[in-house]
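Below is one structure; the comments refer to it alone.
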Amino acid sequence: MPSYKYKAIAVGGTFDHIHKGHRALLKRAFDTGEKVFIGVTADVFVAATGKKILHDFDFRKKQLQTYLKESFPGRDYEVTRLEKSFGPGIFTPQIDAIVVSTETAPRVPAANRKRRELGLPDLKVEIIPMILAEDEDRISSTRIRAGQIDIEGSLLGKKSN
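If you use the working numbering, the sequence shown corresponds to residues 326 to 486, in order.
Put into structure tokens, the structure is as follows:
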């Protein structure tokens, strides 16, 4: 059995399209965590952030679970609904690390302050760089929905300003 850096690690996202950036986050989580807790943003939370998505929570969760079964067979993971930036799971002693992108890393200190208030140790942090499309701009579901790039970051049309 492989040895993992963390007993349990968390990662979260909207997962409207499972693109190259999402795959990098998930790979780091599964490479470093024995058990992976994956939060999928709830529809109400997505709307509150101002994001426009194509798929509802149930579709996004099912699509993610299909990807996980194919990509990480036999691995221990749990997919939950995220109602806020951080799910309640990271405020338990069970989770000892989190995977974030350079874009979301600035949110971790707030989560660690809350953990300290609860008498928990700080989360260890695994940061992955933003995954860029071939035009050197970030890969995002927003750009995929707009028809600018595909899920691999290849250009499809003209970049809008």
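Ideal placement from N, C-alpha and C gives every residue a C-beta, glycine not left out.
Quick caveat: nothing in here was measured; it's all calculated off a predicted structure.
Assign residue i to one of three DSSP states: helix, strand, or coil.
i	result
residue 401	strand
residue 340	coil
residue 377	coil
residue 412	coil
residue 363	strand
residue 469	helix
Within the same chain, show all residues whose beta-carbon is closer than 8 Å to that of residue i, passing over the 5 residues directly before and after it, in chain order.
i	result
residue 427	452, 453, 454 and 455
residue 484	Low confidence applies to residue 484: its pLDDT is 49, below 50, so where it sits in the model is not reliable enough to give any reading.
residue 447	437, 440 and 441
Below 6 Å CB to CB, which residues in the same chain sit around residue i once its five sequence neighbours on both sides are set aside?
i	result
residue 397	355
residue 345	456, 464, 477 and 478
residue 508	With the chain represented from 326 up to 486, any question about residue 508 goes unanswered, as that position is not in the structure.
Does the distance from the C-beta atom of residue i to that of residue j stay below 9 Å?
i	j	result
residue 421	residue 380	no
residue 365	residue 389	yes
Could you please give me the residues that DSSP links to residue i through a beta bridge?
i	result
residue 423	335 and 450
residue 407	366
Can you name, in chain order, every residue of its own chain whose Cβ lies under 7 Å from the Cβ of residue i, other than the five neighbours on each side?
i	result
residue 417	none
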